[in-house]
Amino acid sequence: MTLWLVVLATAVGTYLIRASLLVLWSGRTPPSAVVTRAALVAPAALAALLVSTGAHAPGLPVVLGCIAGFAVTYRTRNVMHALAAGLPVVWIAQAAGLG
């Protein structure tokens, strides 16, 4: 029973933290410094996930996907477009036997 109370308390706590940001920023425009830094969160998270996979060199499909993702991000400035372009490149390269 104690374990479930801890899980419930953690869930409520994290929800309140996330909700507090929405309540604090509702109806306001965030400062440009916050917007600029928030735009860097997704690429930093993706880089952390990639690095945490290990110290081995990535295969050719991953490199091709990264190049495609970088090119699309550079052109559109949208991380979701990078994922939409990079992941299919990786899958196609793997299916073609390049990796």
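Throughout the sequence shown, residue numbering follows numbering that gives the first Met the number 0, covering 0 to 98 in sequence. C-beta atoms are modelled at their ideal positions from N, C-alpha and C, and glycine is treated no differently.
For the candidate residues the options, whose alpha-carbon lies nearest to that of residue i?
{"i": "residue 89", "options": "80, 72, 76, 59", "result": "59"}
{"i": "residue 43", "options": "20, 64, 87, 78", "result": "78"}
{"i": "residue 35", "options": "95, 76, 81", "result": "76"}
{"i": "residue 41", "options": "29, 5, 91, 80", "result": "80"}
Would DSSP call residue i helix, strand or coil?
{"i": "residue 28", "result": "coil"}
{"i": "residue 111", "result": "Nothing can be reported for residue 111: it is not among the residues displayed for the chain, which extend from 0 to 98."}
{"i": "residue 19", "result": "helix"}
{"i": "residue 85", "result": "helix"}
{"i": "residue 38", "result": "coil"}
What does a CB cutoff of less than 6 Å around residue i pick up in its chain, not counting 5 residues either side in sequence?
{"i": "residue 85", "result": "64, 67, 68"}
Leaving out five residues on either side along the sequence, give the residues of the same chain with a beta carbon under 7 Å from the beta carbon of residue i.
{"i": "residue 61", "result": "89"}
Taking 8 Å as the limit between beta carbons, can you name the residues of its chain near residue i, skipping five residues before and five after?
{"i": "residue 8", "result": "none"}
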